[in-house]
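Colleague: Top to bottom, those sequences are chains X and F. Each step along the first sequence adds one to the number in the numbering used here, with nothing skipped, and position 139 is 163. Each step along the second sequence adds one to the number in the numbering used here, with nothing skipped, and position 198 is 222. All C-beta atoms, glycine included, are put in the ideal place defined by N, C-alpha and C.
Number of protein chains: 2
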Amino acid sequence: MLVSKPSKQDITKASMQIEPYTHVTPVLSSELINTIFKSELFFKCENFQKAGSFKSRGAVNAILSLDKKMLDHGVATHSSGNFAQALARAASILNIPSYIVMPENAPQVKVDAVIGYGGEVTFCTPTLADRERTLTEVIGRTGATEIHPYDNYDIIAGQGTATLELLNQIDNIDMILCPVGGGGLISGTALAASYFGKNITVVACEPLGADDAYRSFKAGEIIPSVNPQTLADGLLTSLGERNFPIIKNYVDNIVTVSEESIIKAMKLVYERMKIIIEPSSAVTLASIIENKVDVTNKRVGLIISGGNVDLKKIPF
Amino acid sequence: MLVSKPSKQDITKASMQIEPYTHVTPVLSSELINTIFKSELFFKCENFQKAGSFKSRGAVNAILSLDKKMLDHGVATHSSGNFAQALARAASILNIPSYIVMPENAPQVKVDAVIGYGGEVTFCTPTLADRERTLTEVIGRTGATEIHPYDNYDIIAGQGTATLELLNQIDNIDMILCPVGGGGLISGTALAASYFGKNITVVACEPLGADDAYRSFKAGEIIPSVNPQTLADGLLTSLGERNFPIIKNYVDNIVTVSEESIIKAMKLVYERMKIIIEPSSAVTLASIIENKVDVTNKRVGLIISGGNVDLKKIPF
């Protein structure tokens, strides 16, 4: 079956068009961590990306891909997290309005960040139904174009540019580990690995307490995320309709990890690599800690998705 | 007056000989921080250096500069902090013994790190007198060569390599800001800026609660550090005899900063740059926050000295 998806050219084009507005993020390694796991691990540091996460790649690509006449009315989304900031920032680059629907319990620091980038925040109650209803109202009022955080091909192509970059930075990667939440990052990652790499194994990593992607992958159909419980607050959402077919066809495996391993992985990265990563980014190293993937003697890329974390709540 | 000091060739040689054993650390910038301070700030990230600080540069250089027959008996020092780890690691590279005298109240994590690198730890009471007495005993017993953490020309040349690297990485630096404790890093920095840069202003930054270098600089003679009080636990020591003349002749100014500004600077770096730095490293940005140096429209290098911090004690 032919899977609808961004093409190789879509990801190459995304990489070129976002380049003036995003960072080529560094790839870091730790000799000690490599020794512990008998492998060569390459951390692709999207925690250093603009607005603190890979979401800036997709957001900038989506906005730059809009028709000129759509731009005037701005863009809208609902998000409590990194995509809210990324979209507001991307809109501010083109000097167009952004309307962000946020749950009233969203962290103040994230609300402030959106406002700091010039976004207009509309609050709603923290349910998916009210988020969608409020977004529909905002779009009705403003004529803004909705940009979905992950269920959108321009977003997927944008997120794939992180892996395109990684493969330009590091030779002979055998495997890539990547977190999975809604599926924007993993679907872009898997496509880019297939287009620009050679026989790279792609593994999605997910918290056991939010294992809807794992269960969906096994079942062959999207199983929604219900009442997920995990520190990794970027990985709570259900898979998108456009993301799942790409995951089914281009991801080799999905593994789950415990909260304890997520915390261990965060601690190891903070203490040994001296970088700040959010819990969602720690699921990849956690899967190595738990021996869910065999990385022995392999060259492995780990997509560190972001660094937006409340430092008062570091869990160790 | 001719000042005794490492030559340009000494620093170039140090850079070449430590290269296989140390990292070329990245230089990071933050658009937001640049906007706040209307300048271009380049953070030289020695927090990513081997053993977590610039101390690895000097330690490796000092050991590689020893006579072969001195090597057999190993090296010794007293240190409660980053130099202990750096020297133990450097000794392990050449497979020679290292004897580290540590105060009995040194953090367990630092003791463990030294032992992890194969160092032999001898505990003493936490006074300078007992540290020196114990070190003399250890040297009498072992025949090891004492490597002073900063009052040593090979150490100074080694620390200067961070600035040599920075100037190769970033063009047209106008100013360099650098912490000052015992003076090893700042003296190497100032020499390297003079040898390899063009009209670079070098400013040493120091906590107000440990302002012995500031007072020594004003008085023209070394004034010992007495009962210093600061979060910046790497900057408690008095200036070295070999360091002070270099500082007097090659450093343009010394400024002091409050504890409040050190905390503000740490918070800004953690939240916006997503990197972990120790309080001692924050005095440079703190001096900008306090307007103690005028960086407007300048290209400024900040030496981020290390990242060894107890994450349970982050002061914000």
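For F/T146 and F/T158, which I take to be in contact (beta-carbon distance under 8 angstroms), what is that distance rounded to the nearest angstrom?
Modeller: For F/T146 against F/T158, the beta-carbon gap comes to about 6 angstroms, under 8 angstroms, which counts as contact.
Colleague: What are the boundary residues of the beta strand (DSSP E) that includes X/Y174?
Modeller: From DSSP, X/Y174 is part of no beta strand (DSSP E); its letter is neither H nor E.
Colleague: Shortest alpha-carbon distance to F/G264 belongs to which of F/I179, F/E70, F/I120, F/G143?
Modeller: F/I179
Colleague: Contact criterion: CB-CB distance below 8 angstroms. Does X/L335 meet it with respect to chain F?
Modeller: It does; some Cβ of chain F falls within 8 angstroms.
Colleague: What residue range does the beta strand (DSSP E) around F/A100 cover?
Modeller: 99–102
Colleague: What runs of the alpha helix (DSSP H), each 4 residues or longer, lie entirely inside the segment 179–227 of chain F?
Modeller: 208–220
Colleague: According to DSSP, is F/L65 helix, strand or coil?
Modeller: strand
Colleague: Alpha helix (DSSP H) containing F/V27: first to last residue?
Modeller: Careful: F/V27 lies outside any alpha helix (DSSP H) and carries neither H nor E.
Colleague: In terms of residues, what are the limits of the beta strand (DSSP E) holding F/M40?
Modeller: Taken as a continuous stretch (DSSP letters only), F/M40 belongs to no beta strand (DSSP E), being part of the alpha helix (DSSP H) at 32–42.
Colleague: At a Cβ threshold of 8 angstroms, is F/P44 touching chain X?
Modeller: no
Colleague: Closest to X/F107 by C-alpha separation, out of X/N85, X/I299, X/E283, would be which residue?
Modeller: X/N85
Colleague: Let me check one thing: in DSSP terms, what residues is F/P303 bridge-paired to?
Modeller: Looking at the DSSP assignment, F/P303 forms no beta bridge with any residue, so it has no partner.
Colleague: Kindly indicate if chain F contains any beta-carbon less than 8 angstroms away from that of X/G206.
Modeller: no
Colleague: Would a check of beta-carbon distances place X/Y294 closer than 8 angstroms to chain F?
Modeller: Output row for X/Y294: interface = yes.
Colleague: Between the Cα of X/V48 and the Cα atoms of X/V162, X/Y123, X/A186, X/K272, which residue gives the shortest distance?
Modeller: X/A186
Colleague: Can at least three beta-carbon pairs, one atom from the segment 100–116 of chain F and one from the segment 133–144 of chain F, be found at a separation below 8 angstroms?
Modeller: yes
Colleague: With 8 angstroms set as the bound, which would you pick, yes or no: does the beta-carbon of X/K298 sit closer than that to a beta-carbon of chain F?
Modeller: yes
Colleague: Measure from the C-beta of X/N119 to each C-beta in chain F and report whether the shortest distance is under 8 angstroms.
Modeller: no
Colleague: Ignoring anything shorter than 4 residues or poking outside the segment 290–334 of chain X, list the alpha helix (DSSP H) runs there in chain order.
Modeller: 307–313
Colleague: So, using beta-carbon positions, are X/G82 and X/Y123 closer together than 8 angstroms?
Modeller: no
Colleague: Quick one, which residues of the segment 71–97 of chain F are near chain X if we go by CB-CB under 9 angstroms, in chain order?
Modeller: Within the segment 71–97 of chain F, the residues whose Cβ lies closer than 9 angstroms to some Cβ of chain X are N71, F72, K74, G76, listed in chain order.
Colleague: Looking at the structure shown, is F/T166 part of a helix, part of a strand, or coil, going by DSSP?
Modeller: Residue state for F/T166 is assigned as helix, using DSSP reduced to three classes.
Colleague: At the 8 angstroms Cβ level, is X/G221 part of the contact set with chain F, yes or no?
Modeller: no
Colleague: Using a Cβ-Cβ distance under 8 angstroms, would F/G331 count as near chain X?
Modeller: yes
Colleague: Would a check of beta-carbon distances place F/P303 closer than 8 angstroms to chain X?
Modeller: no
Colleague: What's the gap between the Cα of X/A168 and the Cα of X/Q253?
Modeller: 33 angstroms
Colleague: Let me see if you follow: with CB-CB separation under 8 angstroms, is X/P339 close to chain F or not?
Modeller: no
Colleague: Does the beta-carbon distance from X/G142 to X/S116 come in below 8 angstroms?
Modeller: yes
Colleague: Evaluate the contact criterion for the segment 58–67 of chain X versus the segment 315–324 of chain X: three or more CB pairs, one atom per stretch, below 8 angstroms.
Modeller: Enough Cβ pairs lie closer than 8 angstroms, so yes.
Colleague: From the beta carbon of X/P50, is the nearest beta carbon of chain F less than 8 angstroms away?
Modeller: yes
Colleague: Of the residues X/V226, X/T149, X/A38, X/I57, which one's Cα is nearest the Cα of X/N273?
Modeller: X/V226
Colleague: Please look up how many angstroms separate the CB atoms of F/Y238 and F/I270, rounded, as I've assumed it's under 8 angstroms.
Modeller: That pair is no contact at about 16 angstroms.
Colleague: So the candidates are F/Y177, F/L232, F/I197, F/E283; which of them puts its Cα closest to the Cα of F/D34?
Modeller: F/Y177
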